[in-house]
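Here the structure is laid out as structure tokens; the discussion comes afterwards.
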Amino acid sequence: MVNVLSSAQDLTRSAGFPTVALRGIAVNTNWTGATIMCQAALNGGTIDSAPAVIDVRYLKQPHVVDTSGQGPALIVNQGYRFYVECIRTNDGLCQQNGRRKTLRCAVQSHPPATVFRWLKNGIPVSGNGADITIGTEMIGQSIQCSANNGLFSDGEMPISQAVQIDPYTSARLVQDNFQTMQNAAPFQTGNRIDMNQQINLGCQVEGNPRPVVFWKLRKSSGQVVDAACPQGFDGQYHEVPSEQRGQAAYVTNIRLNAICSLRIANYTFSGQYWCAACSYVSQGPPECSPSLDSPGTTYLNVQVQGPPTQSDTSPSVQKVSIFSFVIFIITNKWYFFACCTYKTFGIIGIP
0 MVNVLSSAQD
10 LTRSAGFPTV
20 ALRGIAVNTN
30 WTGATIMCQA
40 ALNGGTIDSA
50 PAVIDVRYLK
60 QPHVVDTSGQ
70 GPALIVNQGY
80 RFYVECIRTN
90 DGLCQQNGRR
100 KTLRCAVQSH
110 PPATVFRWLK
120 NGIPVSGNGA
130 DITIGTEMIG
140 QSIQCSANNG
150 LFSDGEMPIS
160 QAVQIDPYTS
170 ARLVQDNFQT
180 MQNAAPFQTG
190 NRIDMNQQIN
200 LGCQVEGNPR
210 PVVFWKLRKS
220 SGQVVDAACP
230 QGFDGQYHEV
240 PSEQRGQAAY
250 VTNIRLNAIC
260 SLRIANYTFS
270 GQYWCAACSY
280 VSQGPPECSP
290 SLDSPGTTYL
300 NVQVQGPPTQ
310 SDTSPSVQKV
320 SIFSFVIFII
330 TNKWYFFACC
340 TYKTFGIIGI
350 P
């Protein structure tokens, strides 16, 4: 604000008396509550004006969000979408007992907005609160909201962008190839697999909107990380034609075959692998089944075997107060010598 105030123009000559003015400045909404004054020089002294408190009144364009404050999903070449749960009957129609969705008209303003209006396909509907709850009756329709805090006339209230309401069937895992892989080469008994082998994990998922797949790995330490293959929107997918699906109730959904190609490069590839079928129904995080943190009922166990490799842990020497002794440990064709003198202890591995 100091920079803006210092740009005031001296209009003393044109006004005929000492005066300054601020013209055409960009007002910051954070100025509300700030106190300003102007000062004039007269006969070698200064005179201060009475202080004035700034009150910036504004209302920005409203936005339709969900109860978590997340905006709608943006679909390329289709616009913004929110989704209402659709539990389909055998004839493919949405049942009326699905979860209803509450939307909120979010707007930044000062003073706060007190008047709200909802529009269906551009036509006002009943209800003037900030929230509205919708169900399957809104599928295929568009929704908007408008808000006012007294700065606009009733016919000039700012209106949000239109959001299309589509049916939502949560993404689910239809089948995977984990058991088949586990019982065939290159896997050996005990879920063992040699290093540098190539395997292709496969999952078939279904849902609406178009589902995505995240491939996860739980290491032996319990840490969960992304598997070493493309994730989410960058994954490898092949859409299953509707005529190849067994249930007519799911014809309107999208079914995909997802593939994760892995080359078992080292021992860090050991652990439990699974795929999570996910749906993006807002700009927030996806809804997934099973979760991204733990596998469901099916997963692929991988135990990598091969020659010794360099450890990720840097070598170290520990000092302890013990007397001299020597220990020989033989494991996986490595020979470990633990030798020491008083107060020193070292471990050396030799292949």
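Read in order, the letters of the sequence shown are residues 0 to 350 in numbering that gives the first Met the number 0. Where is the CB? At the ideal position from N, CA and C, for every residue including glycine.
Residue range of the alpha helix (DSSP H) that includes residue i
i, result
"GLN178", "177-181"
"THR11", "11-14"
"ASN2", "1-4"
Own chain residues within Cβ distance below 7 Å of residue i, not counting five before or after
i, result
"ARG12", "none"
"HIS62", "GLY70, ALA105 and SER159"
"MET156", "ARG116, SER145, ALA146 and ASN147"
"ASN190", "GLN181, ASN300, VAL301 and GLN302"
"ASP292", "VAL223"
"THR66", "THR101 and ARG103"
Residue i and residue j closer than 8 Å at C-beta
i, j, result
"ALA20", "ALA40", "no"
"GLY134", "VAL83", "yes"
"ALA170", "GLY206", "yes"
"ARG103", "SER145", "no"
"MET36", "PRO50", "yes"
"LEU299", "PHE213", "no"
"ILE138", "CYS93", "yes"
"THR251", "GLY91", "yes"
"HIS109", "THR45", "no"
"SER278", "PRO285", "yes"
Identity of the residue in the options nearest residue i by Cα
i, options, result
"PHE151", "GLY270, GLY23, ASN252 and TYR57", "TYR57"
"ASP193", "VAL303, GLN38, ALA72 and VAL64", "VAL303"
"LEU118", "ARG22, GLY149, THR18 and ALA161", "ALA161"
"THR31", "VAL52, SER219 and ASP47", "VAL52"
"CYS85", "ARG98, ASN148 and THR267", "ARG98"
"GLY68", "SER281, ASP233, ASP175 and CYS202", "SER281"
"GLN230", "PRO240, GLN222, LEU200 and GLN181", "LEU200"
"THR396", "VAL301, ALA25, ALA112 and MET137", "Since the displayed the chain opens at 0 and closes at 350, residue 396 lies outside it and no answer follows."
"ALA276", "THR168, SER269 and ASP9", "THR168"
"THR267", "ASN195, PRO289 and ALA257", "ASN195"
"ASN265", "ASN29, LYS218, PRO284 and ASP233", "LYS218"
"LEU10", "MET0, ARG22 and ASN2", "ARG22"
"GLN235", "LEU261, GLY91 and THR113", "LEU261"
"ASP130", "GLU136, ALA227 and VAL114", "VAL114"
"CYS259", "GLY149, VAL124 and ILE198", "ILE198"
"TYR272", "TYR279, GLY221 and PRO285", "GLY221"
Start and end residues, beta strand (DSSP E) containing residue i
i, result
"SER278", "270-278"
"GLY206", "197-207"
"ARG217", "211-217"
"GLU238", "235-238"
"CYS287", "286-288"
"ASP47", "44-47"
"VAL64", "62-65"
"LEU73", "72-74"
"VAL223", "223-225"
Cut-off 8 Å between Cβ atoms - residues of its own chain near residue i, not counting five sequence neighbours on either side
i, result
"ARG209", "ILE253 and LEU255"
"ASN120", "GLN140 and SER141"
"VAL204", "ALA170, ARG171, LEU172, VAL173, PRO210, VAL212, ARG254, LEU255, ALA257, CYS274 and ALA276"
"VAL239", "GLN203, ARG254, LEU255 and ASN256"
"SER290", "ALA275"
For residue i, the residue or residues it bridges with in DSSP
i, result
"PRO166", "VAL83"
"ILE263", "Answer is none; ILE263 lacks a bridge partner."
"ASP193", "GLN304"
"PHE115", "ALA146"
"GLN38", "ASP47"
"THR132", "THR101"
"ALA257", "CYS202 and TYR236"
"GLY78", "ILE74"
"SER141", "GLN163"
"SER108", "LEU58"
Beta-carbon contacts of residue i that lie in its chain and below 6 Å, excluding the five residues immediately before and after
i, result
"ARG80", "PRO71, ALA72, ILE74, GLN163 and ASP165"
"ALA33", "ILE53"
"VAL224", "LEU216"
"THR132", "ARG99 and THR101"
"LYS59", "GLN107"
"ASN96", "none"
Chain C contact for residue i (CB, 8 Å cutoff)
i, result
"GLN77", "Protein chain content of the structure displayed is limited to a single chain, and chain C is not contained in it."
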